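Numbering (this note's numbering), first residue to last: 58 to 240. C-beta: ideal position from N, C-alpha, C; glycine also. Values in this document were obtained by computation on a predicted structure and should not be read as measured data. Data block below; observations after.
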């Protein structure tokens, strides 16, 4: 298992896709996307800010975090049945232009993440829920901290709610609730 890196955070989000709603009874896509927390890594951003891991060397770090840029776990959840999610996968979000070096780094990162998740499944058992899958994903990339954006400024001085593994699992389980009320 990779060493836990205090700078890596998984940002939890969900969205209701109009295309999914047209063809389904109401589904949401749940995402667990990798970001990097600025713990003194760069001076041109606020301390503690969550940043894209794909910043180039000329603006930030490049390696060791560039392979995490747009890497995420995702699942599809039916708004009427929050206990069951389908389509669990590790993927890269859409990219417009990818050069050969980037594509090779992405393949390498996907293979390494999959290998680490397989090892975790052998050691901890296969994930039974998407929350457990996200836990395996986080540990596979060296992360054990999770955050979720809030429109409100929170008492911690940020717009992020912070979760440990158990809190993240509860968030994933309840991610559909607010979307279901919007329907």
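From the options, residue whose alpha carbon lies closest to that of residue i
i	options	result
residue 204	63, 69, 157, 59	69
residue 92	230, 201, 153, 146	201
residue 227	191, 145, 160, 158	191
residue 84	111, 144, 122	144
Residue i - containing alpha helix (DSSP H), residue span
i	result
residue 194	187-198
residue 164	157-181
Close-in-space but distant-in-sequence residues of the same chain around residue i (CB under 7 Å, 5 per side omitted)
i	result
residue 63	96
residue 152	127
Close Cβ partners of residue i (< 6 Å) along its chain, the five nearest in sequence each way excluded
i	result
residue 225	203
residue 127	149, 150
residue 87	71, 132, 134, 232
residue 78	Summary for residue 78: the model assigns pLDDT 42, below 50, so the residue's position carries little reliability; its value from the coordinates is reported in the next sentence. Result list for residue 78: empty, nothing under 6 Å.
residue 219	204
Same chain only: Cβ atoms within 8 Å of residue i, ignoring 5 sequence neighbours per side
i	result
residue 60	199
residue 181	193
residue 104	95, 96, 97
residue 66	91, 92, 93, 94, 107, 200, 202, 203, 204
residue 170	128, 147, 194, 197, 198
residue 166	124, 125, 128
Extent of the continuous beta strand (DSSP E) run through residue i
i	result
residue 133	128-135
residue 204	203-206
residue 153	Counting along the chain, residue 153 falls outside any beta strand (DSSP E), and DSSP gives it neither H nor E.
residue 85	84-94
residue 219	217-220
### Query
Per the contact definition of three or more C-beta pairs closer than 8 Å, is the region 123-134 in contact with the region 187-203?
Touching, per the Cβ criterion.
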